[in-house]
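Participant: Sharing a structure here in structure tokens format.
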Amino acid sequence: MHKCLRPKVFAFGALFVGVFLSLTLSASAHFLLNLNVRISHVEHSEDGLRVYIRTPMPYLVADKVGDQDGDALPKAAPFTTNAMSDGQLVHFVDLQAVMSDPNGLGQFAEGGLHLIVDNQRLRGTVKSVRLHRVGNEPGFATLTEAQQAVDTETALTPPLFVGDTIVDLVLHYDTDGPIQSYSIANVLDPGLPDQDQTANLILDYASDTPQIFRSRGLMTEPLVVQQEGYGGFLSFVWEGIRHILEGLDHVLFVVCLVIGAQTLRALLLRATGFTVGHSVTLSLGFFGFVPSGAWFVPAVETGIALSIIFAAVAAFMSFKDSARSEVTMVLLTTLIGLLHGLGFSFVLHKILQVTSPNIWQSLLAFNLGVELGQVTIILALWPALIMCRRLNSSLWMSLRVGLAGGCAVIACFWTFQRVAEVYSTLA
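Quick look at the structure:
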């Protein structure tokens, strides 16, 4: 490599590493949150809509905690109490207050949910509220399960952390007749860490074939639900796209895949192998045909980090132009795809349960979105590399070295981090 280009390569790699490492650091949580999935089942009738909602309790009360003045405890949010533990403010459910006025907690949910029909917001009536401890909650994947959950009381004993509490409730909205379309949004802003990663699942039962919609974040932008259309399918396609584009480990692997291919044919073959591999394990992992031990998820994440290191090293290597070497790379890429598919399945399993309706449609849509996200990365990077290769071979080599080196360093950091997680589950 030309001497004058080396500082640029190292600077580029350092910048690349710095940016991505900063994105991987997690913020400290002020308010305990052990679950970030919200589910809504919308049942239609002749005179209205009935919405069954499951939400973690912090989404309803976290923004209602008073300001802390010095060493004094802040005023507790409604239906909660505060205490200091090891210098940290912790929040507990006030079970007596909830028993005295359960619908009051439901009113917070009604105030945040905006159900809009013909450009007018409907006001709902709280019909039922139930609290469950995380890990002891009844099923909520189907309308039948939701109906049973809001009628099921589970034993709750103090102390019960707010972050360990799930709220199931029913809101009824009167209408003048059957509803053909509506929009749904949530204006609650609890100020929770990583609340932009909230998984929202909306299931609409206007017809015999329920539509399933997926939205990430606080859902402040209204989601339009129509009886006809492909909105539910497209929402899962979009979620697949977002997952691969926002999942840094998957992005880095595809980047290494692109810079390691010498020809477009080689790139397409490797990408196809990756697709075949992760399509298989995405379904197998989602349906639970994998180990269930606590060590398994961090072990897979560690394997994904190692796959990035392998892909980065492979990008440096020069293979002989032979069918055997390319076949070997395609097979290895397919095996790595199996690993990444398990990672995709973990994410999908958080937002969609096996008993959900139209499960295969949602799986297909999510997988299609993953492919579109992968193609987006390839289309953005491959033409740029080819242009650099034609204009300046030294610049092209510098980009390859900088990208591969940066990916490898980040993956090494993740590997050490995730090996520690595996060890902690086995200790």
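In UniProt numbering, the protein residues as written are 1 to 427. C-beta: ideal position from N, C-alpha, C; glycine also. As the structure is a computational prediction, the values presented were derived from the model and not from experiment.
Where does isoleucine 184 sit, in a helix, a strand or coil, going by DSSP?
Facilitator: Note: isoleucine 184 maps to strand in three-state DSSP.
Participant: If you reduce the DSSP assignment to three classes, tell me which class arginine 123 lands in.
Facilitator: It is coil, neither helix nor strand.
Participant: Run through DSSP, which three-state label would glutamine 88 get?
Facilitator: Of the three classes helix, strand and coil, the one that applies to glutamine 88 here is strand, per DSSP.
Participant: Does DSSP classify aspartate 321 as helix, strand or coil?
Facilitator: Any reading at aspartate 321 needs caution, since the residue's pLDDT is 47, under 50, leaving its predicted position unreliable; the model's value is listed next. Coil, per DSSP.
Participant: Cα-Cα, which of Ser183, Gln147, Ile259 is closest to arginine 389?
Facilitator: Ranking Ser183, Gln147, Ile259 by Cα distance to arginine 389 puts Ile259 first.
Participant: Between which two residues does the beta strand (DSSP E) holding leucine 203 run?
Facilitator: From DSSP, the beta strand (DSSP E) with leucine 203 extends over 199-205.
Participant: Tell me glycine 48's beta-bridge partners as DSSP assigns them.
Facilitator: Paired residue(s): Ser45, Asp174.
Participant: If I'm right that histidine 172 touches glycine 217 with Cβ under 8 Å, what's the distance once you round it to whole angstroms?
Facilitator: Going by Cβ atoms, the distance from histidine 172 to glycine 217 rounds to 26 Å, so no, they are not a contact pair.
Participant: Determine, using beta-carbon pairs with one atom in the stretch 370-380 and one in the stretch 389-400, whether at least three such pairs fall under 8 Å.
Facilitator: Judged by Cβ distances under 8 Å, the stretch 370-380 makes no contact with the stretch 389-400, as fewer than three pairs qualify.
Participant: Using DSSP's beta-bridge definition, name the partner residues of lysine 309.
Facilitator: According to the sequence as given, residue 309 is isoleucine; it is not lysine. For isoleucine 309, which the question treats as bridged, DSSP gives no partner whatsoever.
Participant: May I ask you to verify whether the stretch 259-270 touches the stretch 326-335, counting CB pairs closer than 8 Å and requiring at least 3?
Facilitator: Segments in contact, yes.
Participant: Look up glutamine 374 in the DSSP assignment and say whether it is helix, strand or coil.
Facilitator: Helix, per DSSP.
Participant: Out of Arg265, Asp101, Arg270, which one is the CA nearest neighbour of cysteine 256?
Facilitator: With distances taken between Cα atoms, cysteine 256 lies closest to Arg270.
Participant: Going by beta carbon distance, what residues of the same chain come within less than 7 Å of valine 187, once the five residues before and after it are set aside?
Facilitator: For valine 187, where only same-chain residues beyond five positions count, the Cβ hits under 7 Å are Gly112, His114, Thr220.
Participant: Output the distance between the C-alpha atoms of phenylalanine 316 and leucine 284, rounded to the nearest integer angstrom.
Facilitator: Spanning the two alpha carbons is a distance of roughly 33 Å.
Participant: Taking 8 Å as the cut-off, decide whether the C-beta atoms of histidine 65 and phenylalanine 79 are in contact.
Facilitator: Here residue 65 is valine; the residue named in the question, histidine, does not match the sequence. No, the pair does not count as a contact, with Cβ atoms beyond the cut-off.
Participant: Excluding five sequence neighbours on each side, which residues of the same chain lie with their C-beta closer than 7 Å to the C-beta of alanine 146?
Facilitator: For alanine 146, where only same-chain residues beyond five positions count, the Cβ hits under 7 Å are His41, Tyr52, Phe140.
Participant: Assess, as a yes-or-no matter, whether the stretch 118-136 is touched by the stretch 186-204 under the definition of 3 or more beta carbon pairs within less than 8 Å.
Facilitator: Output reads no: the stretch 118-136 does not touch the stretch 186-204.
Participant: Select from Ala311, Asp174, Cys407 the residue whose C-alpha is nearest the C-alpha of glutamate 46.
Facilitator: Checking every option, the nearest Cα to that of glutamate 46 belongs to Asp174.
Participant: Would you decide whether leucine 160 is buried or exposed? Buried here means 16 or more other CB atoms lie within 10 Å of its CB.
Facilitator: By the 10 Å Cβ count, leucine 160 comes out buried.
Participant: Out of Phe413, Val61, Leu426, Phe416, which has the shortest C-alpha to C-alpha gap to leucine 192?
Facilitator: That would be Val61, whose Cα lies nearest to the Cα of leucine 192.
Participant: Judging by CA-CA distance, which residue of Ile336, Phe92, Leu223 is the nearest neighbour of threonine 272?
Facilitator: Selected option, being the one with the closest Cα: Ile336.
Participant: Using the Cβ count rule (16 or more neighbours within 10 Å means buried), how would you classify arginine 265?
Facilitator: Arginine 265 is exposed by the Cβ-count criterion.
Participant: How is isoleucine 39 classed by DSSP in three states: helix, strand or coil?
Facilitator: Strand at isoleucine 39.
Participant: Answer with buried or exposed for leucine 25, where buried requires no fewer than 16 other C-beta atoms within 10 angstroms of its C-beta.
Facilitator: Only weak support exists for where leucine 25 lies, its pLDDT of 36 falling under 50; the value from the coordinates is given anyway. Classification for leucine 25: exposed.
Participant: Looking at the strands, I want to know which residues DSSP matches up with alanine 314.
Facilitator: DSSP lists no partner for alanine 314.
Participant: To the nearest angstrom, how far is the alpha carbon of phenylalanine 253 from that of cysteine 412?
Facilitator: Rounded to the nearest angstrom, the two C-alpha atoms are 13 Å apart.
Participant: Do glutamine 361 and phenylalanine 233 count as a contact pair if the criterion is CB distance below 8 Å?
Facilitator: For phenylalanine 233 and glutamine 361, yes; Cβs fall inside 8 Å.
Participant: Using 8 Å as the threshold, is the C-beta distance between leucine 245 and threonine 333 below it?
Facilitator: Result no, Cβ atoms of leucine 245 and threonine 333 do not sit closer than 8 Å.
Participant: Assign valine 258 to one of three DSSP states: helix, strand, or coil.
Facilitator: Correct three-state label for valine 258: helix.
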